[in-house]
Every structure is written in structure tokens, then in C-alpha cells.
Amino acid sequence: MELLTADLPVEIDATLTYTSRAPYTLCLALRLLEADPVVWHLDREMVLTGSYAPTGAGELQLWPAVGDGLLLRLGAPGRCATLRGDRDQLTGFVRRSFLVVPPGTESRHIDWQPLLDTLSS
Numbered sequence: 002m003e004l005l006t007a008d009l010p011v012e013i014d015a016t017l018t019y020t021s022r023a024p025y026t027l028c029l030a031l032r033l034l035e036a037d038p039v040v041w042h043l044d045r046e047m048v049l050t051g052s053y054a055p056t057g058a059g060e061l062q063l064w065p066a067v068g069d070g071l072l073l074r075l076g077a078p079g080r081c082a083t084l085r086g087d088r089d090q091l092t093g094f095v096r097r098s099f100l101v102v103p104p105g106t107e108s109r110h111i112d113w114q115p116l117l118d119t120l121s122s
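Position in the sequence shown (first residue = 1) + 1 = the working numbering.
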């Protein structure tokens with residue numbers, strides 16, 4: 002993944018993960034130099050939508066780039082970073098997550114018991 006700067010794009014280490022325990026989201030961990038990773042949680046459907054049309058608001062926005070890219074703006078306006086990822090890799094990852102947890106079945110994978118315990122105490 003590239004961090005887009007005013008001068009040149011900077012390649013950064015980005016790791017995308019998915020677990021059925023958080024069925025709606027992808028976890029994007031970004032590491033720059035030796036610092037601890039910065040972690041963002043991205044909605045699966047939003048990543049797909051952003052691959053063909055602008056989507057998002059506030060601290061997370063996605064839109065297609067010219068060519069084969071997908072642009073992500075992360076952070077508050079005025080204090081944000083814009084990243085460019087490979088659209089096919091990102092959407093392919095989302096589609097593979099749909100094999101683990103199909104769209105529309107996400108709520109079946111959430112452990113609601115901790116919330117119910119809190120509400121009943």
C-alpha cells in the first residue's frame with residue numbers, strides 16, 4: 002500500500018485481516034518505520050462500494066483511483082492520510098471474507114452474551 006504525499010508516494014507495510022468474530026469489518030494495520038501499527042476497521046461492503054464509487058464520510062472515505070487503484074482517506078479532515086491500494090487485491094479479500102461469513106449472516110457470528118449479561122445486571 003502507498004501513502005500519498007505531496008512529493009512522492011511512500012510504500013508502507015499494510016496488513017489486512019478478517020475474523021468471523023468481527024463479521025462486518027476488515028482490520029487494516031498500517032506500520033510506518035518502527036512505530037506501533039495504526040489499526041483501522043473497515044466495513045466490508047464499504048470497501049466494495051468504494052471500488053467503483055465514492056463512499057464514506059468523516060474519518061473514512063474510499064473512492065476508485067484511475068487505473069487499478071483504490072484510494073482510502075483515513076483520519077479527521079485536516080489531519081488525514083490518503084492511501085492507495087490495489088483495487089483487485091482489496092476487493093478479492095472482501096469476496097473471500099464472504100466465503101467465511103456470507104453477507105446477511107453476520108449477526109449470527111456475533112457473541113451477544115456479554116451485552117446481554119451487562120443489560121441484565
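Here a beta-carbon is modelled for each residue, glycine too, at the ideal position from N, C-alpha and C.
Boundaries of the alpha helix (DSSP H) in which residue i is found, first to last residue
{"i": "Leu120", "result": "114-121"}
{"i": "Val67", "result": "Here Val67 belongs to no alpha helix (DSSP H), and DSSP marks it neither H nor E."}
Where the beta strand (DSSP E) through residue i begins and ends
{"i": "Asp14", "result": "14-18"}
{"i": "Thr83", "result": "80-87"}
{"i": "Thr56", "result": "56-58"}
{"i": "Glu35", "result": "Counting along the chain, Glu35 falls outside any beta strand (DSSP E), and DSSP gives it neither H nor E."}
{"i": "Leu4", "result": "3-5"}
Among the options, the one whose alpha carbon lies nearest that of residue i
{"i": "Arg109", "options": "Arg22, Val67, Leu100", "result": "Arg22"}
{"i": "Thr92", "options": "Leu17, Leu49, Leu84", "result": "Leu49"}
{"i": "Ser98", "options": "Glu35, Asp37, Glu46", "result": "Glu46"}
{"i": "Glu107", "options": "Thr6, Met2, Thr20, Ile13", "result": "Thr20"}
{"i": "Cys28", "options": "Gly57, Val95, Glu12, Cys81", "result": "Val95"}
{"i": "Val101", "options": "Glu3, Thr83, Pro24, Ala82", "result": "Pro24"}
{"i": "Gly68", "options": "Leu5, Glu35, Ser52", "result": "Ser52"}
{"i": "Gly79", "options": "Arg32, His42, Trp113, Gly59", "result": "Gly59"}
{"i": "Pro10", "options": "Gln90, Ser121, Leu84", "result": "Leu84"}
For residue i, the residue or residues it bridges with in DSSP
{"i": "Asp124", "result": "The structure shown does not extend to residue 124, since the chain is modelled only from 2 to 122, so the question has no answer here."}
{"i": "Ala77", "result": "Arg80"}
{"i": "Leu100", "result": "Bridge partners of Leu100: none, in fact."}
{"i": "Val11", "result": "Leu4"}
{"i": "Leu71", "result": "Pro65, Gly86"}
Inter-residue CB distance, residue i and residue j (contact presumed, cutoff 8 angstroms)
{"i": "Pro104", "j": "Arg88", "result": "The pair is not a contact, with the Cβ atoms about 19 angstroms apart (cut-off 8 angstroms)."}
{"i": "Thr26", "j": "Asp44", "result": "6 angstroms"}
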